[in-house]
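J.: Right, I'll just put the structure down here and ask away after.
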Amino acid sequence: MRGRVDAHFAAVGPPAGRLEAPPDKSISHRAALLGAFGDGSTRVSGYLDSADTRSTLSAIEALGAAVEVRPGDRGGALDVGIGGFGIAGAAEPVGAIDVGNAGTLIRLLAGLLAGQEGRGFRLDGDGSIRMRPMARIAEPLREMGAAVETAPGGRPPLAIDGGRLHAIHHEMPVASAQVKSCLLLAGLLAEGRTTVREPAASRDHSERMLRAAGAAVRVERERPSLPGDPVRSTIAVEPAEGIALPPMRVPGDLSSAAFHLAAALLVPGGDVTVAGVGLNPTRIGLLGVLNRMGADIEVVEEGREGGEPVGSVRARHGGLAAARVVAAEVPATIDELPLVGLLGCFAEGTTHVGGAAELRHKESDRIAGAVDAINAIGGDAEPLEDGFAVRGTGGIRGGEIDARGDHRLAMLGAVAGLASREGVTVRDFGCARVSYPGFEGDLRSLLPG
Ligand code: S3P
Numbered sequence: 284m285r286g287r288v289d290a291h292f293a294a295v296g297p298p299a300g301r302l303e304a305p306p307d308k309s310i311s312h313r314a315a316l317l318g319a320f321g322d323g324s325t326r327v328s329g330y331l332d333s334a335d336t337r338s339t340l341s342a343i344e345a346l347g348a349a350v351e352v353r354p355g356d357r358g359g360a361l362d363v364g365i366g367g368f369g370i371a372g373a374a375e376p377v378g379a380i381d382v383g384n385a386g387t388l389i390r391l392l393a394g395l396l397a398g399q400e401g402r403g404f405r406l407d408g409d410g411s412i413r414m415r416p417m418a419r420i421a422e423p424l425r426e427m428g429a430a431v432e433t434a435p436g437g438r439p440p441l442a443i444d445g446g447r448l449h450a451i452h453h454e455m456p457v458a459s460a461q462v463k464s465c466l467l468l469a470g471l472l473a474e475g476r477t478t479v480r481e482p483a484a485s486r487d488h489s490e491r492m493l494r495a496a497g498a499a500v501r502v503e504r505e506r507p508s509l510p511g512d513p514v515r516s517t518i519a520v521e522p523a524e525g526i527a528l529p530p531m532r533v534p535g536d537l538s539s540a541a542f543h544l545a546a547a548l549l550v551p552g553g554d555v556t557v558a559g560v561g562l563n564p565t566r567i568g569l570l571g572v573l574n575r576m577g578a579d580i581e582v583v584e585e586g587r588e589g590g591e592p593v594g595s596v597r598a599r600h601g602g603l604a605a606a607r608v609v610a611a612e613v614p615a616t617i618d619e620l621p622l623v624g625l626l627g628c629f630a631e632g633t634t635h636v637g638g639a640a641e642l643r644h645k646e647s648d649r650i651a652g653a654v655d656a657i658n659a660i661g662g663d664a665e666p667l668e669d670g671f672a673v674r675g676t677g678g679i680r681g682g683e684i685d686a687r688g689d690h691r692l693a694m695l696g697a698v699a700g701l702a703s704r705e706g707v708t709v710r711d712f713g714c715a716r717v718s719y720p721g722f723e724g725d726l727r728s729l730l731p732g
């Protein structure tokens, strides 16, 4: 574990210019995993170079994949060659697999390991991972026939004894792409058709990539009874003899781009375009929220990469109105909600985020983290059981924010600093490397001087 690194961010003028979004974290994890559990070899270009996605490369290597890493053709990206070991061919590693800080890795990999008959695996990670709920995957995996043990409270480390699996139908109590993906991946090695019903549409990168890799995945969407209600759907996967992920390129990550866009919206004169951003409808809730806030946002869809729509997003400074974020739009906005809170400080009225109790189970408790961060720099935020309310005060003073080991809070602190009157010191800013090691460089490249 590296030491804590602090950083200071202060107003120096408007962020302006154009940059390429760093590669998508969710899609990078999935590409490495499907490549490793695939037959033959594949190449993933534009793979995210970050602590989290490096953990995934180490994990698949430990399980027997051949991994070749070269610098990619854009900043923050790697070109990764993967020689797969096949859907049921994971080797038993020596010792525990270290997932670091990566919730996506531990949950998706658990699904793939559950059906590796006769082999045992231990998955462990950092202090934040050890606080995260795993019963939500352990229970359905046990129901499928795997032996899965957790630490008390249903937390990591996980011990998995791969077994012969059978299909189940699982009703997810909360919309979680990680839980859905875990069970679909386990379903590849289960006897019968595995089905998962989600209470609202969560990101569907796994479904898209599994289909591209030759798996039979079907989605049935239910018609919402009232307009604005969440869209429930049932996803079904058939068992597969094998999968083969074709060579692919990872699109840019809107969740990372969002920080630069927010900086442009908040600092007078700001005008930033982020190019190559993934625009999957299950990920772009933030754009809808920004529209309602009256933000000056321009989205141009330009094509497809890795089976996902991609385009550019331009954000320009202007006045903002408060918005209300409701449960139905939470899954598509989940990782950007703390940033919505920061924007709320500058909006007219009270911005309200509800139906987002899941924020308490992220890399940190992001309801407490966002509220404490906003209040520490002179904003006016109040925690709610399932979200928060932020009263617009026309700006923020500045001060000190503790990122608490949470990469997204670290980057939020940086943006807050640029938009503040007195600057913001971000304690433990270095944890931004979990998803975006080049963040500070990219952000400063947009600033004058
Ligand atoms: C992710 C899904 C979301 C998200 C996380 C990445 C994924 O988590 O918050 O950052 O890659 O599937 P949940 O599935 O727990 O909602």
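For the sequence shown, position 264 (counting from the first letter as 1) is numbered 547 according to our numbering, and the numbering increases by one without interruption.
For every residue, glycine included, the Cβ atom is placed at its ideal position computed from N, Cα and C.
#1: Comparing the CB of Ile310 with every heavy atom of the ligand S3P, is any distance shorter than 6 Å?
#2: Going by alpha carbons, who is nearest to Gly511 out of Val613, Glu432, Glu303, Gly721?
#3: Could you check whether Ala545 and Met576 sit closer than 7 Å to each other, using their CB atoms as the reference points?
#4: Taking the straight line between their C-alpha atoms, what separation do you get for Pro354 and Gly475?
#5: Quick check for students: name the residue ranges of the beta strand (DSSP E) that lie wholly in the stretch 649-702, counting only runs of 3 or more.
#6: Check whether the Cβ of Asp618 sits closer than 6 Å to any heavy atom of the ligand S3P, and report yes or no.
#7: Closer than 6 Å to a non-hydrogen atom of the ligand S3P - does that hold for the CB of Ala651?
#8: Inspect the beta-carbon positions of Asp685 and Glu646 and report whether they are closer than 7 Å.
#9: Look at Pro720 and Val533 and say whether their C-beta atoms are less than 7 Å apart.
#10: Count the other C-beta atoms from every protein chain shown that fall within 10 angstroms of the C-beta of Leu729, then say buried if there are 16 or more, exposed otherwise.
#11: Decide if Arg390 is buried, meaning its Cβ has at least 16 other Cβ atoms within 10 Å, or exposed.
#12: Roughly how many whole angstroms lie between the Cα atoms of Glu505 and Arg566?
#13: Using 6 Å as the cut-off, classify the Cβ of Ser539 as near or not near the heavy atoms of the ligand S3P, replying yes or no.
#14: In chain order, what residues of the same chain lie with their CB nearer than 6 Å to the CB of Leu493, ignoring the 5 residues before and after it?
#15: Per DSSP, Phe542 forms a beta bridge with which residues?
#16: Just the C-alpha distance for Ala293 and Gly398, rounded to the nearest angstrom, thanks.
#17: Relative to the C-alpha of Ala640, which candidate in Pro666, Ile660, Ala299 has its C-alpha closest?
#18: Report the rounded CA-to-CA distance for Arg425 versus His449, giving the unit in angstroms.
#19: Going by CA-CA distance only, name the one from Asp618, Val550, Arg486, Ala473 that's closest to Ala498.
#20: Per DSSP, what kind of secondary structure is Ser324 in: helix, strand or coil?
#21: My guess is that Gly525 and Asp322 are in contact by the Cβ rule of under 8 Å, so how many angstroms apart are they, rounded?
#22: Which term fits Met284, buried or exposed, when burial requires 16 or more other beta carbons within 10 angstroms of its beta carbon?
#23: Could you tell me whether any non-hydrogen atom of the ligand S3P is closer than 6 Å to the CB of Ser333?
#24: What do you reckon, is the C-beta of Ala656 under 6 Å from a heavy atom of the ligand S3P?
#25: Less than 6 Å separating the Cβ of Ala546 from some heavy atom of the ligand S3P?
#26: Are there 16 or more other CB atoms within 10 angstroms of the CB of Leu509, so buried, or fewer, so exposed?
#27: Would you decide whether Ala429 is buried or exposed? Buried here means 16 or more other CB atoms lie within 10 Å of its CB.
#28: Quick one: Cα of Ile380 to Cα of Gly403, how far?
#29: According to DSSP, is Glu344 part of a helix, a strand, or is it coil?
#30: Using the Cβ count rule (16 or more neighbours within 10 Å means buried), how would you classify Asn563?
#31: In the structure shown, what three-state DSSP assignment does Ser485 receive?
#32: Is DSSP giving Val295 helix, strand or coil here?
#33: Which of helix, strand or coil does DSSP assign to Arg413?
#34: Any idea what DSSP makes of Pro551, helix, strand or coil?
#35: Please report how far the alpha carbon of Leu570 lies from the alpha carbon of Asp289, in whole angstroms.
#36: Determine the closest residue to Gly318 out of Val295, His291, Gly286, Gly372, with distance taken between C-alpha atoms.
T.: Checking against the coordinates, here is how it stands:
#1: Position 27 of the sequence shown, counting from 1, holds the residue named residue 310. No - the ligand S3P has no heavy atom lying nearer than 6 Å to the Cβ of Ile310.
#2: The sequence position of residue 511 within the sequence shown is 228, counting from 1. Taking only the C-alpha atoms, the option nearest Gly511 is Val613.
#3: What you label residue 576 is simply residue 293 of the sequence shown in a count that begins at 1. What you label residue 545 is simply residue 262 of the sequence shown in a count that begins at 1. It is not a contact, given that the beta carbons lie outside the stated cut-off.
#4: As a working mapping, residue 354 is identified with position 71 in the sequence shown. As a working mapping, residue 475 is identified with position 192 in the sequence shown. Whole-angstrom Cα-Cα distance: 41 Å.
#5: As far as the stretch 649-702 is concerned, its whole beta strand (DSSP E) runs of at least 3 residues are 663-667, 670-674, 682-685.
#6: On the sequence shown, position 335 is the one that residue 618 refers to. Asp618 has its Cβ nearer than 6 Å to a heavy atom of the ligand S3P.
#7: Position 368 of the sequence shown, counting from 1, holds the residue named residue 651. With a cutoff of 6 Å, Ala651 does not count as near the ligand S3P, since its C-beta is closer than that to no heavy atom of the ligand.
#8: As a first step, residue 685 must be located in the sequence shown, where it is residue number 402. As a first step, residue 646 must be located in the sequence shown, where it is residue number 363. Result no, Cβ atoms of Asp685 and Glu646 do not sit closer than 7 Å.
#9: Residue 720 sits at position 437 when you count from the first residue of the sequence shown. Residue 533 sits at position 250 when you count from the first residue of the sequence shown. Contact flag unset, no.
#10: On the sequence shown, residue 729 is found 446 positions in, with the first residue counted as 1. So Leu729 counts as buried.
#11: By one-based count along the sequence shown, residue 390 stands at place 107. Buried: at least 16 other Cβ atoms inside 10 Å.
#12: Stepping through the sequence shown from its first residue, residue 505 is reached at position 222. Stepping through the sequence shown from its first residue, residue 566 is reached at position 283. A straight-line Cα-Cα distance of about 19 Å links Glu505 and Arg566.
#13: Working through the sequence shown from its first residue, we reach residue 539 at position 256. At a cut-off of 6 Å, the beta-carbon of Ser539 does not count as near the ligand S3P: no heavy atom of the ligand is closer than that.
#14: Residue numbering aside, residue 493 sits at position 210 when the sequence shown is read from its first letter. Excluding sequence neighbours, Leu493 sits near Val500.
#15: Here residue 542 corresponds to residue number 259 of the sequence shown, with the count starting at 1. Partner(s): none; Phe542 has no beta bridge.
#16: Mapped onto the sequence shown, residue 293 falls at position 10. Mapped onto the sequence shown, residue 398 falls at position 115. Straight-line measurement puts the Cα of Gly398 at about 51 Å from the Cα of Ala293.
#17: As a first step, residue 640 is located in the sequence shown; it is residue number 357 there, counting from the start. Of the candidates Pro666, Ile660, Ala299, the one whose C-alpha sits nearest the C-alpha of Ala640 is Pro666.
#18: On the sequence shown, position 142 is the one that residue 425 refers to. On the sequence shown, position 166 is the one that residue 449 refers to. If I take the Cα positions, the gap works out to 10 Å.
#19: Within the sequence shown, numbered from 1, the residue matching residue 498 stands at position 215. Looking from the CA of Ala498, the closest CA among Asp618, Val550, Arg486, Ala473 belongs to Ala473.
#20: Along the sequence shown, one-based indexing puts residue 324 at 41. Under the three-state reduction of DSSP, Ser324 is assigned to strand.
#21: By 1-based counting over the sequence shown, the position of residue 525 is 242. By 1-based counting over the sequence shown, the position of residue 322 is 39. With a Cβ gap of about 5 Å, Gly525 and Asp322 count as contacting.
#22: In the sequence shown, the residue the question calls residue 284 occupies position 1. Note that Met284 has pLDDT 44, beneath the 50 cutoff, so the model's placement of it is unreliable and no number is given.
#23: Residue numbering aside, residue 333 sits at position 50 when the sequence shown is read from its first letter. Not under cutoff, so the answer is no.
#24: Walking along the sequence shown from the start, residue 656 turns up at place 373. Between the ligand S3P and Ala656, a heavy atom-to-CB distance of less than 6 Å is absent.
#25: Working through the sequence shown from its first residue, we reach residue 546 at position 263. No, the beta carbon of Ala546 sits no closer than 6 Å to any heavy atom of the ligand S3P.
#26: For the purposes of this step, residue 509 is identified with residue 226 of the sequence shown, where counting begins at 1. Counting Cβ neighbours within 10 Å, Leu509 comes out exposed, since fewer than 16 surround it.
#27: Taking the first residue of the sequence shown as 1, we reach residue 429 at position 146. Ala429 comes out buried.
#28: If you number the sequence shown from 1, residue 380 lands on position 97. If you number the sequence shown from 1, residue 403 lands on position 120. Each residue's alpha carbon lies about 11 Å from the other.
#29: On the sequence shown, residue 344 is found 61 positions in, with the first residue counted as 1. In this structure, Glu344 counts as helix in the three-state DSSP scheme.
#30: On the sequence shown, residue 563 is found 280 positions in, with the first residue counted as 1. By the Cβ-count criterion, Asn563 is buried, with 16 or more other Cβ atoms from all chains shown falling within 10 Å of its own Cβ.
#31: Here residue 485 refers to the residue found at position 202 of the sequence shown. Note: Ser485 maps to coil in three-state DSSP.
#32: In the sequence shown, counting from the first residue as 1, residue 295 sits at position 12. Three-state result, Val295: coil.
#33: In the sequence shown, residue 413 corresponds to position 130, counting from 1. If DSSP states are grouped into helix, strand and coil, Arg413 belongs with the helices.
#34: The residue given as residue 551 occupies position 268 in the sequence shown. In the three-state DSSP reduction, Pro551 falls in the coil class, being neither helix nor strand.
#35: As a working note, residue 570 is residue 287 in the sequence shown. As a working note, residue 289 is residue 6 in the sequence shown. Looking at the backbone, the Cα of Leu570 and that of Asp289 are separated by about 30 Å.
#36: For the purposes of this step, residue 318 is taken as the residue at position 35 of the sequence shown. Looking at the Cα atoms, Gly372 is the closest of the given residues.
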